[in-house]
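Numbering (the numbering used here), first residue to last: 46 to 264.
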């Protein structure tokens with residue numbers, strides 16, 4: 046009888062030990078799953094905090110845009126941002142700058158770096174899901190009427206104003222200036238330069254301005 050009682054007690058203790066081990070293992074598993082879940086949540090929150098910056102431009106500017114991409118990428122981590130490059134090349138046709146901007150809007154980018162061509166006129170600023178303009182920095186050609194945070198490159202409007210001031214410095218406030226015009230059509234850079242130049246000269250109505258147009262010839 047004592048032997049049977051001892052065996053029963055031993056088996057009960059073994060059962061309790063096994064149950065305790067299984068319970069501990071289950072608790073550890075649950076804690077691990079909870080930790081993994083928290084880690085995933087933190088990762089998701091971190092991804093949500095990332096600012097997604099898209100660089101866009103036509104395919105023939107890709108070599109230049111890749112350098113812009115590398116420069117932006119080198120600063121992205123420190124600014125909690127992710128950077129991508131899209132030129133929208135296809136086998137059939139080249140995408141317009143407006144189509145590239147629309148694609149950035151479709152992706153809901155937080156910011157855009159856009160290469161603007163001199164012939165890009167009447168561009169519509171891309172908007173986010175809240176119908177707010179997506180912040181945009183432009184490179185290439187400067188279009189003063191295009192809403193943009195900043196322009197990186199030669200500001201042809203300011204260059205024109207500077208040229209106008211230099212002309213005034215050379216001929217005085219009542220001299221005569223002859224402008225040689227050899228620009229092509231739809232050249233936004235030239236238009237901006239001339240607008241700045243003529244704006245500076247118009248401050249002195251006494252200055253006589255004559256424009257001579259001619260075509261460039263190549264040998």
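Think of the CB as a built atom: it goes at the ideal place given N, C-alpha and C, for glycine as much as any other residue.
Within its own chain, the residues whose Cβ lies closer than 7 Å to the Cβ of residue 152, once the five positions on either side in sequence are excluded, are 99, listed in chain order. DSSP assignment within the stretch 178-240 yields the following whole beta strand (DSSP E) runs of 3 residues or more, N-terminal first: 181-185, 195-197 and 221-226. Looking at 195, 189, 124 and 149, the one whose alpha-carbon comes closest to that of residue 130 is 149.
With 16 or more other CB atoms across the displayed protein chains lying within 10 angstroms of its CB, residue 184 is buried. The straight-line gap separating the alpha-carbon atoms of residue 243 and residue 205 is approximately 8 Å.
According to the DSSP assignment, residue 255 belongs to the beta strand (DSSP E) that extends over 253-258. Out of 97, 171 and 181, the CA that lies nearest to the CA of residue 143 is found in 171. The Cβ atoms of residue 146 and residue 133 lie no closer than 8 Å to each other. Under the Cβ criterion (8 Å, minimum of three pairs), the stretch 210-221 does not count as touching the stretch 164-180.
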